[in-house]
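What follows is a set of notes on a single structure, which appears directly below.
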């Protein structure tokens, strides 16, 4: 038995009717053979909560949520831990967080990355595989938790160092799942690359990122793997409203002059992890989900084509001067944007 980390799960909005019709088991049936009996982990990109759709405040397109009943379906499918470290877990404030944690607890799914205070946000989820203990930590960029205030484990201060140092000595392996980056851009921010590498230096055995809505480059750093973004497994990219949102004036593609490729949103990675000879052995499979309810592992032919593209992506991250300049320019624009909105 090993572990499988899947792409982001957004279970609401236009995705909800498909889930209601097919169920989690039906929607994810095609990838079950690839996952096997592994324990499943993912980033939950929405609170699980009952919402009053007649209230305008609770029916905003940008506010994501999933039905409470889905926790049981996720558990039955094999999900054992979910990261709550993302920019949507507080779309319905503390009510959404508290309800999500309660529902997950009731269905024996562990969670990490957010809490009612800073200490809770950096409390790991710990799973056992073949008598080895594996801890999971999550970090993100919004709603930072404080000593007496709920929030997400923050990515851009000493929270990362504090959390990793506290956990590392208590378990056999540590996997970190940060949530940050530019949407539909296949390379990490310079600052994120620095922080994710620092996670490895501090003791993380694997880093698996999310947020970009597409697969980003990966690299091997100090003999450990960093996936900067593994894409979305379930999201309503297929719907015209979502596509319009990704090209609106507020979108990353407009702000940072990125040409949006909707085909990128259809692919994600499954990270397959086994423990062999006392070491983590990590590999990945590529999944394509065109219609929102039938993700499939690529055929051998398409896999070979995709791996060539992925290899180029990873090479460019390390060696391309033009990509380096592009990343620097995008990050400068991001910092200006954040300052203009008084985010920093």
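Residue numbers (the numbering used here): 41 to 384.
Even glycine gets a Cβ: it sits at the ideal position worked out from N, Cα and C.
Simplified DSSP state of residue 298, which is helix, strand or coil | Position 258 of the chain shown, counted from the first residue, corresponds to residue 298. Of the three classes helix, strand and coil, the one that applies to residue 298 here is coil, per DSSP.
For the alpha helix (DSSP H) holding residue 161, just list the boundary residues, first then last.
-> Taking the first residue of the chain shown as position 1, residue 161 is located at position 121. It spans 158 to 161 - the alpha helix (DSSP H) in which residue 161 sits, taken as one unbroken run.
Under 8 Å, do residue 286 and residue 245 count as touching if we go by C-beta distance?
-> Taking the first residue of the chain shown as 1, we reach residue 286 at position 246. Taking the first residue of the chain shown as 1, we reach residue 245 at position 205. Contact: no.
Nearest to residue 144 (by Cα), restricted to the options 180, 123, 127 | Against the chain shown, residue 144 aligns to sequence position 104. Ranking 180, 123, 127 by Cα distance to residue 144 puts 123 first.
Would you please state the rounded distance, in angstroms, between the beta carbons of residue 130 and residue 103? I believe it to be under 8 Å.
-> Indexing the chain shown from 1 puts residue 130 at position 90. Indexing the chain shown from 1 puts residue 103 at position 63. Between residue 103 and residue 130 the Cβ distance is about 10 Å, and since that is not below 8 Å, they are no contact.
Tell me, which residues are paired with residue 168 by DSSP?
-> To locate residue 168, count along the chain shown from 1; it is residue 128. Paired residue(s): 173.
Should residue 247 be labelled buried (16 or more other beta-carbon atoms within 10 Å of its own) or exposed?
-> As a working mapping, residue 247 is identified with position 207 in the chain shown. Label assigned to residue 247: buried.
Closest residue to residue 263 among 44, 327, 320 (Cα-Cα distance) | Residue 263 sits at position 223 when you count from the first residue of the chain shown. Nearest option by C-alpha distance: 320.
Going by DSSP, name the residue or residues bridged to residue 259.
-> In the chain shown, counting from the first residue as 1, residue 259 sits at position 219. Residue 259 is bridged to 266.
Put residue 195 into one of helix, strand or coil per three-state DSSP.
-> As a working note, residue 195 is residue 155 in the chain shown. Here residue 195 sits in coil by DSSP.
If you run the structure through DSSP and keep just helix, strand and coil, what is residue 307?
-> Numbered from its first residue, the chain shown carries residue 307 at position 267. It is a strand residue.
Is the beta carbon of residue 311 less than 8 Å from the beta carbon of residue 324?
-> Here residue 311 is taken as the residue at index 271 of the chain shown, counted from 1. Here residue 324 is taken as the residue at index 284 of the chain shown, counted from 1. Their beta carbons are under 8 Å apart, which means residue 311 touches residue 324 by this criterion.
Does the separation of the CB atoms of residue 303 and residue 83 fall below 8 Å?
-> The residue you call residue 303 lines up with position 263 of the chain shown. The residue you call residue 83 lines up with position 43 of the chain shown. No, the Cβ-Cβ distance between residue 303 and residue 83 is not below 8 Å.
Indicate whether residue 308 and residue 272 have their beta-carbon atoms separated by less than 8 Å.
-> Residue 308 sits at position 268 when you count from the first residue of the chain shown. Residue 272 sits at position 232 when you count from the first residue of the chain shown. Contact: yes.
Decide if residue 297 is buried, meaning its Cβ has at least 16 other Cβ atoms within 10 Å, or exposed.
-> Indexing the chain shown from 1 puts residue 297 at position 257. Residue 297 should be labelled exposed.
Option nearest residue 90 by Cα separation, candidates 203, 53, 295 | Position 50 of the chain shown, counting from 1, holds the residue named residue 90. The residue with the shortest Cα to Cα distance from residue 90 is 53.
Specify, as a first and last residue, the run of the alpha helix (DSSP H) that residue 218 falls within.
-> By one-based count along the chain shown, residue 218 stands at place 178. Counting along the chain, residue 218 falls outside any alpha helix (DSSP H), though it belongs to the beta strand (DSSP E) covering 213 to 219.
Looking at residue 121 and residue 149, is the spacing between their C-beta atoms short of 8 Å?
-> By one-based count along the chain shown, residue 149 stands at place 109. By one-based count along the chain shown, residue 121 stands at place 81. Result yes, Cβ atoms of residue 149 and residue 121 sit closer than 8 Å.
Express the C-alpha separation of residue 170 and residue 331 in angstroms, rounding to a whole number.
-> Mapped onto the chain shown, residue 331 falls at position 291. Mapped onto the chain shown, residue 170 falls at position 130. Cα to Cα, residue 331 sits roughly 37 Å from residue 170.
Let me know if residue 142 comes out buried or exposed under the rule of 16 or more other beta-carbons within 10 Å of its beta-carbon.
-> Numbered from its first residue, the chain shown carries residue 142 at position 102. The residue in question, residue 142, is exposed, as its Cβ has fewer than 16 Cβ neighbours within 10 Å.
Collapsed DSSP secondary structure at residue 121 in the structure displayed | For the purposes of this step, residue 121 is taken as residue 81 along the chain shown, with counting starting at 1. Correct three-state label for residue 121: strand.
For residue 186, the three-state DSSP class (helix, strand or coil) | Taking the first residue of the chain shown as 1, we reach residue 186 at position 146. Three-state result, residue 186: strand.
Residue 339, buried or exposed, once every other Cβ within 10 Å from all chains shown has been counted against 16 = As a first step, residue 339 must be located in the chain shown, where it is residue number 299. Classification of residue 339: exposed, given that the 10 Å Cβ count is below 16.
Nearest-angstrom Cα separation, counted from residue 363 out to residue 294 | Reading the chain shown from its first residue, position 254 is the one you call residue 294. Reading the chain shown from its first residue, position 323 is the one you call residue 363. If you take the alpha carbons of residue 294 and residue 363, they lie about 19 Å apart.
What is the DSSP secondary structure of residue 350, counted as helix, strand or coil?
-> Residue 350 sits at position 310 when you count from the first residue of the chain shown. In the structure shown, residue 350 sits in a helix (DSSP, three-state: H, G or I).
Tell me, please, whether the region 220 to 235 touches the region 365 to 374 by the rule of three or more beta-carbon pairs shorter than 8 Å.
-> yes
Run the CB neighbour count on residue 45, radius 10 Å, all protein chains shown included, and call it buried at 16 or more, exposed below.
-> Within the chain shown, residue 45 is the residue found at index 5, counting from 1. Answer is buried; the Cβ neighbour count reaches 16.
Supposed close pair residue 265, residue 322 - CB separation, criterion 8 Å | As a working note, residue 265 is residue 225 in the chain shown. As a working note, residue 322 is residue 282 in the chain shown. Yes, they are in contact, since the Cβ atoms of residue 265 and residue 322 sit about 5 Å apart, within 8 Å.
If we ignore side chains and look at the alpha-carbon of each, how far apart do residue 255 and residue 267 end up?
-> Here residue 255 refers to the residue found at position 215 when the chain shown is read from its first residue. Here residue 267 refers to the residue found at position 227 when the chain shown is read from its first residue. For residue 255 and residue 267, the distance between alpha carbons rounds to 9 Å.
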